[in-house]
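Notes follow the structure.
Chains as they are written, first to last, in my numbering: chain S, 706 to 1165; chain Z, 2 to 188.
Written out as structure tokens, the structure reads:
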């Protein structure tokens, strides 16, 4: 059987298709409260240095597992204020609203103790608003929570609705999506266009017509050009034109809020993209990024495939980097030279640190580096050295002292960390500095190997 | 600033990935929809019944959700390769557990019902499925990743935690063994 015949036979073996509802089943089985941690810029953590395994030829990588970021805040609004809730949504608080929030990973917990707040929540079951009368749980939606002031003058409310409003301390209105409101007495699920009152003394209940009339009248009064308070008589005295004017005013306010929400959502999206781009890039780095990485105790290293027992190959990256055949040849020669140089330097340092020349001859640069890292002086672990290099790069620490004062471990780490720059300099001689820079920048760093060393040295 | 191009065009876009990482159910759903077919194909060909494949596929994605935050820093590793790696390791573990319990040779996977397909092609496909089920697990995994998922030897080596030479050798030996088994069966 030839290779082609075997490939044809393999192609005849068809596989199962997933059932239509498989994705929904998986998502519904995912734990709702599981954190989705990402790297907070200033969170203290143990120094975890993970060297790219098998950095010979592939895009090797390193990973540090981070605790979930926490963003907390509080607002006592004296004017309409928009708040971006760390990617979980947007709150538009009216004057007089008081809220505190805590966003941790995918979970947003908000405590709204007073006032009127419009929310646009990212789809999640972990977006919760606590009120004095109960809890509002959100499943991707636009909604409003109004915590009614129990001491407010009944003049703010209209006729028979006043009693209902005072009895119901919180009013929840849903514009899009679905919201569950609940307290110790029960729970109610609301869809678009529905509203409910939350009362600490009883189960949530749909807002009845009276409450709705009260709510609209209250809003009409608040939005009226002549002043906030509108009593029943004043409302009854309004002619059709005046009522239409109020409707237009309310609609205009809603449109304004919708535009504001879209703008904030756009900002959030841009922030996501920028964060992702910076997260994925190793080169070039702006001074601000170098500072940000250093302050996050993060050292990023991109390098050619020089850590294996043999030099790596340009391989498939010739295509992704858009290399001519001549450039492939030049770059492969540079890789071979860089590999030989790295092996020689690390072997010398290993011998200096251990006296074991025989052992050094049989170890790959990767193994030599790992051994040297493990032999760091007690008072100066690899984390401290890496952090210092990151700070030097950012201009936050002075340049290193003389090599003679550095331990073999520090020199090995510095040799490793500068491998990307050394390779760029090597290529600049053969291809010119601009081409060398462009090749390294094309994919955000040399494409063969990336490592991120993360963690703060005070916990090394 | 636009996000840099990351890997092949058919990978999940960066923004959806970031949202899935934060636990956004819609983004998680998009991720599953994007990668469910290769995961099912891998698990089925590795030797699973429909029920077993669905269970393992679900476990694969739940593990992916759980470990997705750590994937962010993995630079240019392809998301699809990482997910297939998770699926492969779960499949190997599941097979080993099942074999320890049952102490018998694994059954070949269920053939897919395709009544309108050419009969000889169907017979050939069934023969291939039986032959693949005969392969030792490391060879089977290497062959599947290479033949059906177009992974490089480096990616296979990373997935199976071996060196590139071993990955090549496993694929080569698997193909040779398949030739022998198919020759015996098909004559």
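For glycine and all other residues, C-beta sits at the position ideal for the given N, C-alpha and C. As the structure is a prediction and not an experimental result, all values here were calculated from the model.
Check whether the region 881 to 893 of chain S touches the region 804 to 819 of chain S, counting contact only when three or more Cβ pairs, one atom from each stretch, lie closer than 8 angstroms. no
Residue 184/Z: contacting residues in chain S (beta-carbon distance under 8 angstroms): 706
Please list, in chain order, the chain Z residues whose beta carbon lies closer than 9 angstroms to that of residue 1074/S. Those do not exist, as residue 1074/S stays about 18 angstroms from chain Z at its closest Cβ, beyond 9 angstroms.
Contiguous alpha helix (DSSP H) assignments of at least 4 residues, all confined to the region 36 to 93 of chain Z: 51 to 72
Span of the alpha helix (DSSP H) around residue 707/S: Careful: residue 707/S lies outside any alpha helix (DSSP H) and carries neither H nor E.
Three-state secondary structure (DSSP) of residue 1074/S: helix
What does DSSP give as the partner residue(s) for residue 840/S in the beta ladder? 835/S, 887/S
Check whether the Cβ atoms of residue 782/S and residue 800/S lie closer than 7 angstroms to each other. yes
Can you tell me whether residue 1067/S is buried or exposed, with buried defined as 16 or more other CB within 10 angstroms of its CB? exposed
Contacts that residue 170/Z makes with chain S (C-beta to C-beta distance below 9 angstroms): What residue 170/Z touches in chain S: nothing, since even the nearest Cβ is about 16 angstroms away.
Could you tell me the distance, in whole angstroms, from the CA atom of residue 123/Z to the CA atom of residue 29/Z? 35 angstroms
Count Cβ pairs between the region 55 to 62 of chain Z and the region 1149 to 1156 of chain S that sit closer than 8 angstroms; are there 3 or more? no
For residue 1064/S, which of helix, strand or coil comes out of DSSP? helix
Considering only residues of the same chain and omitting the five flanking positions on each side of residue 834/S, which have a CB-CB separation below 6 angstroms? 815, 817, 841, 850
Specify, as a first and last residue, the run of the beta strand (DSSP E) that residue 1003/S falls within. 1003 to 1008
Does residue 728/S get closer than 7 angstroms to chain Z when you measure Cβ to Cβ? yes
Quick check on residue 161/Z - is its C-beta less than 7 angstroms from some C-beta in chain S? no
Would residue 145/Z count as contacting chain S if we go by Cβ distances under 7 angstroms? no
Residues in the same chain with beta-carbon distance under 6 angstroms from residue 999/S, minus the five sequence neighbours each way, listed in chain order, please. 1095, 1096, 1099, 1101
Residues in its own chain within less than 8 angstroms of residue 717/S by CB, not counting five upstream and five downstream? none
Have a look at the DSSP bridge pairing and note the partners of residue 1118/S. BP columns for residue 1118/S are empty, so no partner.
Partner residues on chain Z for residue 735/S, Cβ-Cβ distance less than 7 angstroms: 29, 63, 66
Assign residue 1138/S to buried or exposed, taking buried as 16 or more other Cβ atoms, counted over all protein chains shown, within 10 Å of its Cβ. exposed
Taking the alpha helix (DSSP H) that residue 731/S falls in, what are its first and last residues? 727 to 734
Could you check whether residue 790/S and residue 813/S sit closer than 7 angstroms to each other, using their CB atoms as the reference points? yes
Show which residues of chain S have a CB atom less than 9 angstroms away from the CB atom of residue 58/Z. 723, 727, 731
Using alpha carbons as the reference points, say which of 1015/S, 1036/S, 1052/S lies closest to residue 165/Z. 1015/S
Opening and closing residue of the alpha helix (DSSP H) in which residue 998/S lies: 992 to 1000
Measure the Cβ-Cβ separation of residue 134/Z and residue 48/Z and say whether it is below 7 angstroms. yes
Is the CB-CB distance between residue 909/S and residue 903/S below 7 angstroms? yes
In whole angstroms, give me the CA-to-CA distance for residue 144/Z and residue 22/Z. 31 angstroms
Residue 1136/S: contacting residues in chain Z (beta-carbon distance under 8 angstroms): In chain order: nothing, as chain Z lies at least about 22 angstroms away.
Name the chain Z residues whose beta carbon is nearer than 7 angstroms to that of residue 714/S? 125, 129, 183
Within 6 angstroms: the Cβ of residue 1121/S and any heavy atom of the ligand NAP? The model depicted lacks the ligand NAP and carries no ligand whatsoever.
Endpoints, beta strand (DSSP E) assigned at residue 816/S: 812 to 826
Cβ neighbours of residue 838/S in the same chain (closer than 7 angstroms, five flanking residues each side left out): 874, 875, 888, 903, 904, 905
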